[in-house]
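Residue numbers (our numbering), protein chains in the order written: chain A, 1 to 115; chain B, 1 to 109.
Built from N, CA and C at the ideal position, the CB exists for glycine as well.
A short worksheet on the structure shown next.
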Amino acid sequence: KAGVTQTPRYLIKTRGQQVTLSCSPISGHRSVSWYQQTPGQGLQFLFEYFSETQRNKGNFPGRFSGRQFSNSRSEMNVSTLELGDSALYLCASSHTPGGPGRWAFFGQGTRLTVV
Amino acid sequence: DAKTTQPNSMESNEEEPVHLPCNHSTISGTDYIHWYRQLPSQGPEYVIHGLTSNVNNRMASLAIAEDRKSSTLILHRATLRDAAVYYCILGSGANNLFFGTGTRLTVIP
């Protein structure tokens with residue numbers, strides 16, 4: 001079964017622009033989460049979607065947003081890009097948000113560079 | 001969110017057992033203990049998780065203290081492929097994980 005697919009793998013954007021990243025979860029998984037990884041801050045939780053609804057949100061400004069479609073695919077958007085947004089953005093999927101026997105599968109990530 | 005404390009780094013010789021500790025003194029009754037690892041240039045990978053009892057799977061074992069304030073991830077025979085950053089995470093959900101800084105494991109051939 002195919003894993004979590006993130007596109008694009010690499011992206012270079014200019015300060016002030018906006019960017020949209022895409023994530024296709026494992027077939028049958030309905031929970032999708034996004035994480036940001038930087039050398040300084042480590043891995044930080046952005047938000048989690050389940051059945052097209054945002055369930056949880058990390059401590060990020062409103063420039064970071066996301067959505068989930070009826071087929072469970074998810075996109076995250078960052079507007080008015082800043083140099084500090086340069087990071088590896090990781091998507092993770094799981095069957096459901098919680099409960100015993102549930103864990104998340106991560107994609108390879110999208111490397112965003114803001115210049 | 002409940003916090004975890006892990007050593008920054010550990011070393012192990014290849015083919016020897018490795019015990020990776022994690023302290024979580026503020027764990028709540030509904031928090032599961034999750035372990036993930038991240039190999040270089042890859043996304044995190046699930047290793048194991050548990051609530052109260054010790055757990056075993058094909059990758060590792062998880063030993064949970066009786067008071068649940070600490071746990072230990074056990075790799076029975078370290079291989080070079082096990083060199084990674086290991087994260088101990090608390091949470092009731094499977095997919096809203098708050099990662100700490102983790103333990104960087106170096107495996108010496």
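### Task
Would you mind telling me which residues of chain A sit closer than 8 Å to H49 of chain B, beta carbon to beta carbon, in chain order?
Going along chain A in sequence order, the residues near H49 of chain B (Cβ under 8 Å) are W103.
### Task
Verify whether the separation of the beta carbon atoms of F98 of chain B and G42 of chain A is less than 8 Å.
no
### Beta-ladder partner(s) of P61 of chain A, from DSSP
DSSP lists no partner for P61 of chain A.
### Query
At least one CB of chain A closer than 8 Å to the CB of Q42 of chain B: is that the case?
yes
### Task
Count the CB pairs spanning the region 52-62 of chain B and the region 12-30 of chain A that are closer than 8 Å, and state whether there are at least three.
Note that the region 52-62 of chain B does not touch the region 12-30 of chain A; fewer than 3 beta-carbon pairs, one per stretch, sit closer than 8 Å.
### Task
Could you please give the first and the last residue of the uninterrupted beta strand (DSSP E) stretch that includes R111 of chain A?
Taken as a continuous stretch (DSSP letters only), the beta strand (DSSP E) holding R111 of chain A covers 110-114.
### Sequence-distant residues of the same chain with beta carbon closer than 7 Å to L83 of chain A, five excluded per side
Counting only Cβ-Cβ distances below 7 Å, and skipping sequence neighbours, we find R15, V114.
### Touching by the beta-carbon criterion (3+ pairs, under 8 Å), the region 73-92 of chain B and the region 8-20 of chain B
yes
#### Entry: Assigned secondary structure, G84 of chain A (DSSP; H/G/I helix, E/B strand, else coil)
helix
### Task
Kindly list, in the order they appear in chain A, the residues whose Cβ is closer than 9 Å to that of Y46 of chain B.
W103, A104, F105, F106
### Message
Please report whether the beta-carbon of T72 of chain B lies at a distance below 8 Å from any beta-carbon of chain A.
### Response
no
### Query
Any C-beta of chain A sitting closer than 8 Å to the C-beta of N54 of chain B?
no
### Task
Starting from the beta carbon of N118 of chain B, find every residue of chain A whose beta carbon is closer than 7 Å, and list them in chain order.
Outside the shown range of chain B, which is 1 to 109, sits residue 118 of chain B, and nothing can be said about it.
### Task
Going by DSSP, name the residue or residues bridged to R37 of chain B.
Looking at the DSSP output, R37 of chain B shares a beta bridge with B:E45, B:Y86.
### Message
So if I threshold CB-CB distances at 9 Å, which residues from the region 15-28 of chain B count as touching chain A?
### Response
none
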